[in-house]
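Participant: With the sequence shown counted from 1, adding 10 to any position gets you my numbering.
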Amino acid sequence: MAETVGAPGDYVLRPEFERHLDKFDGVTKQVHEHGILLAQQAASSRDQASSLKAIQAKLDDQDRARGERDRAMKNTIWAANTLGPKALGIAGLCLGAFYAWLKGHLG
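#1: If you reduce the DSSP assignment to three classes, tell me which class Arg29 lands in.
#2: Sorry if obvious, but does the Cβ on Leu62 come closer than 7 Å to a heavy atom of the ligand SAH?
#3: I need the straight-line Cα distance from Leu98 to Cys104, nearest angstrom please.
#4: Looking at the structure shown, is Arg56 part of a helix, part of a strand, or coil, going by DSSP?
#5: So what does DSSP say about Arg24, is it helix, strand or coil?
#6: Roughly how many angstroms separate the alpha carbons of Glu43 and Lys68, rounded to a whole number?
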């Protein structure tokens, strides 16, 4: 391979070095493009994480409401089994009478 000799401070041009520099520039561009893609993926992941947190909060609220409803039903069944149907009927009549009395006196 012939070298091109120029003035002092000039670069020596060799085709094999130029090929390697071109490959290096290509790899540098790929690394830059991959960096951009990684940044986009990170932003997408953050968006998905916030969506998942919102969904998890909704599911927790639903689970809490379901638990409260189940406890209320359990307490109602316990009261019905403990007091029996006659006692519940009497309690219902008493509440009805109290409601009628309040309605008559209060307005």
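All residues carry an ideal CB built from backbone N, CA and C; glycine is no exception. Please read these numbers as outputs of a predicted model, since none were measured by experiment.
Facilitator: According to the data block:
#1: helix
#2: The ligand SAH is not part of the structure shown, which contains no ligands of any sort.
#3: 10 Å
#4: helix
#5: coil
#6: 38 Å
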